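Residue numbers (our numbering): 197 to 747.
All C-beta atoms in this analysis are idealised placements derived from N, C-alpha and C, irrespective of residue type, glycine included.
Keep in mind it's a predicted model, so treat the numbers as computed, not measured.
Heads up, the thing below is written out as structure tokens.
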Ligand code: TEU
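Structure (structure tokens):
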């Protein structure tokens, strides 16, 4: 067994700073607020925090539009606060992973201000400019992910610039070596401050070839990632997770294979997009297809079985709440939240928890489109309407899958605004906070929170969870999720009923196990063999010896 990297046996926790904890009553979470909750996170057992962007920003996309890479946005605090966060977290054994947003900057960034001053600006080539088409319109019909053309006209220089996201988020030109050197210097500046690594925003877009309309997974992508590694990461014991919507099981090892010199792992989204509509994407909701969902995870487990490493997550700040999307946030909220956590955390890879998931926070539906805050949603509604999606369907899709769901404030207790702020929260708190909050679960051994804490602690005690070989079981079963992990003669088998109806499941012979129950959300079982009666959303994992003859 190779020596495990620290980030393989750790659990990551995403903090979306705007919505985590507000220390000064302005309704927006901040760094001192995060510091005040570090004991909570240490007690949960996490190994590192992925901190969504806290850099200086006009906040058009909540910080994913950076105007100064080397400063902290005043709403979040100061560089001193940041250094204190790193130190206080480290004192509790927690690393801080920064969000590296380098596909684009804010249009308020000094580079863009200089670049747009004119065609002969020394910074012009830091961004992607093209002349207008013969008809006077945009140079190509490339679309922005936030709706409309990906090209914006700039009067001063008389050219269009590229923005794959909002027009205030111009894309950087990675073909320019000076730009790349500036990015690497900036990364080293943060690494030297003692951070534990980077989550890299839409990193699969940086190698784009705009003139051939190749955007994701472009021809230069891996050259740049290898160069970045040489210039910044090599020799440092840090974790890197690249956000790569385009990654496939066949391409994953290019990012994280052991001899590649690129990243620790990627966030891939096949389990997310698997559930999207072919025409309207996430804006038309579709019922869950468990067999298809399992297949995605199983394929990724197999693809990275011997080389590379998986990230494991249900949710993040761009996605719906896990229990609302994949579980049952009504009658079986507590039990299904635990089942989802169990299924995810016992696969091979590094699990990530999105803030609030560990207490079973839910989506917060709104009654009308005007009530949504998210920039992507507001940009996409006119596009979807033009393509024929009805208002009712869009509203349903947005409530099911929109980004506001995950961004409602963290629910700490049952005091006004859920203990998130003494002021007016920037985004309304989910009205269910009086029932669902940290304080209500803190001393409750049957809570979702206690279940997460238990799963995280198991990882430290049982190497089979970190390193064991993964084998999918009952892949075509429409209601049951089952797999086993094996290491050094030990077998861990997981079985979960992913529905609200009881059922009888016949254990496949090759997965049977007898031993002790590691985790359960209904009642302990010492064996998984023969015919197993599963209660609604029951999830159970048993650890024992691999039976003789490997049966
Ligand atoms: O997200 C990448 C991205 O493309 C998302 O907007 C996602 O595709 C979309 O929600 C799916 O419909 C990253 C960040 O996570 C996101 O918050 C930023 O808005 C985006 O990049 C731009 O930086």
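- When only Cα atoms are considered, residue 314 and residue 352 end up about 7 angstroms apart.
- Straight-line spacing of the CA atoms in residue 421 and residue 703 works out to 44 angstroms.
- If only complete runs of 4 or more residues are kept, the segment 233-304 shows the alpha helix (DSSP H) at 234-240, 275-287, in order along the chain.
- Annotation: the continuous beta strand (DSSP E) that includes residue 692 extends over 686-693.
- Three or more Cβ pairs closer than 8 angstroms define a contact, and the segment 518-532 falls short of that threshold against the segment 438-456.
- For residue 652, there is no enclosing beta strand (DSSP E); the residue is found in the alpha helix (DSSP H) stretching over 644-657.
- Of the candidates 343, 350, 534, 365, the residue whose Cα lies closest to the Cα of residue 641 is 534.
- Residue 430 holds the alpha-carbon nearest to the alpha-carbon of residue 455 among 430, 346, 491.
- If only complete runs of 4 or more residues are kept, the segment 372-416 shows the alpha helix (DSSP H) at 373-387, in order along the chain.
- Membership of residue 549 in the beta strand (DSSP E) is indicated by the continuous run 546-550.
- With fewer than 16 other beta carbons inside 10 angstroms of its own, residue 745 counts as exposed.
- Taking C-beta atoms as the reference points, residue 443 and residue 464 count as a pair closer than 8 angstroms.
- It is roughly 19 angstroms from the alpha-carbon of residue 547 to the alpha-carbon of residue 530.
- Bounds of any beta strand (DSSP E) do not take in residue 205; it lies within the alpha helix (DSSP H) bounded by 202-205.
- For residue 484, the closest of 740, 335, 674 by C-alpha to C-alpha distance is 674.
- DSSP lists 439 as the beta-bridge partner residues of residue 463.
- Residue 490 is positioned such that its CB atom lies no closer than 8 angstroms to that of residue 681.
- At a cut-off of 3 residues, the continuous stretches assigned as beta strand (DSSP E) that sit fully inside the segment 453-499 are 461-463.
- Sorting 361, 217, 291, 283 by C-alpha distance to the C-alpha of residue 202 places 291 at the top.
- Between residue 347 and residue 334, the gap from beta carbon to beta carbon is short of 8 angstroms.
- Ranking 445, 596, 321, 268 by CA distance to the CA of residue 255 puts 268 first.
- Straight across, the Cα-Cα distance linking residue 710 with residue 688 is about 9 angstroms.
- The criterion of a C-beta distance shorter than 8 angstroms is not satisfied by residue 730 and residue 690.
- With a cutoff of 8 angstroms on beta-carbon distance, residue 461 and residue 507 are scored as near each other.
- The Cβ atoms of residue 298 and residue 368 lie closer than 8 angstroms to each other.
- Beyond the five residues adjoining it in sequence on each side, residue 307 comes within less than 7 angstroms, by CB distance, of 301, 319, 322 in the same chain, given in chain order.
- Using a cutoff of 7 angstroms, the CB of residue 510 does not count as near ligand 1, since none of the ligand's heavy atoms is closer than that.
- Counting C-beta pairs closer than 8 angstroms gives three or more between the segment 586-597 and the segment 565-576, which meets the contact rule.
- Residue 222 and residue 617 have their C-alpha atoms roughly 8 angstroms apart.
- Not one heavy atom of ligand 1 falls within 7 angstroms of the beta-carbon of residue 284.
- Every alpha helix (DSSP H) stretch that sits fully inside the segment 569-613 and reaches 4 residues is listed by chain position as 571-582, 587-597, 600-603.
- In this structure, ligand 1 has no non-hydrogen atom nearer than 7 angstroms to the beta-carbon of residue 308.
- In the DSSP assignment, residue 210 is bridged to 246, 550.
- In this structure, the straight-line span from the alpha carbon of residue 695 to that of residue 349 is close to 51 angstroms.
- When the beta-carbon positions are compared, residue 724 and residue 742 stay at least 8 angstroms from each other.
- Setting aside the 5 residues that flank it on each side, residue 415 is surrounded in the same chain by 403, 405, each with a C-beta closer than 7 angstroms to its C-beta; the list follows chain order.
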